[in-house]
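Visitor:
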Amino acid sequence: MPGGEKRAGPRNRRAEMWKRSKEWLSEPGGADIPDSDALQADACGPTYRYDVNQRLLMEAKEHMRARGVPSPDDWDAVVLTFAEPVHEERPRVRNLEPHFAHSWMS
């Protein structure tokens, strides 16, 4: 953006999840998704804009219908997987130290 301005985050949860799906597709190594024209059409169906506060806003499904674009149901299913961040679970390290300074066997 001119002047080094940054855009604010997404305006709502839907925009946030769609943004995350776009970032996922852009990651090095890529995403492994089916080669489906319908899925690609869904992903590219809605338009977006930025509100007066520079927050990302996805096109409403009602506006898509008015343009003759069907609801992106299949890509919405993909987008829903970005509703919550996934954290890699680290294995628990079992404490092997005895509970007492000396065991009864020592």
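Okay, so the sequence shown: first residue is 392 according to my numbering, each after it adds one.
Glycine residues also receive a C-beta, built at the ideal position from the N, C-alpha and C atoms.
Model, not experiment: these values are computed from the prediction.
1) With a threshold of 8 Å on Cβ separation, who are the neighbours of residue 430 within its own chain once the five nearest residues in sequence on each side are excluded?
2) Whole angstroms is fine: what's the gap from residue 400's alpha carbon to residue 452's?
3) In or out: residue 412 buried (at least 16 other Cβ within 10 Å) or exposed?
4) Considering only their Cβ atoms, is the gap separating residue 409 from residue 449 smaller than 7 Å?
5) Using the beta-carbon count (16 or more within 10 Å), is residue 428 buried or exposed?
Guide: According to the structure data:
1) Excluding residues up to 5 positions away in sequence, 424, 465, 466 and 469 lie with their Cβ nearer than 8 Å to the Cβ of residue 430 in the same chain.
2) Spanning the two alpha carbons is a distance of roughly 21 Å.
3) Counting Cβ neighbours within 10 Å, residue 412 comes out buried, since at least 16 surround it.
4) Taking the C-beta atoms as reference points, residue 409 is found nearer than 7 Å to residue 449.
5) By the neighbour-count rule (16 or more Cβ atoms within 10 Å), residue 428 is not buried but exposed.
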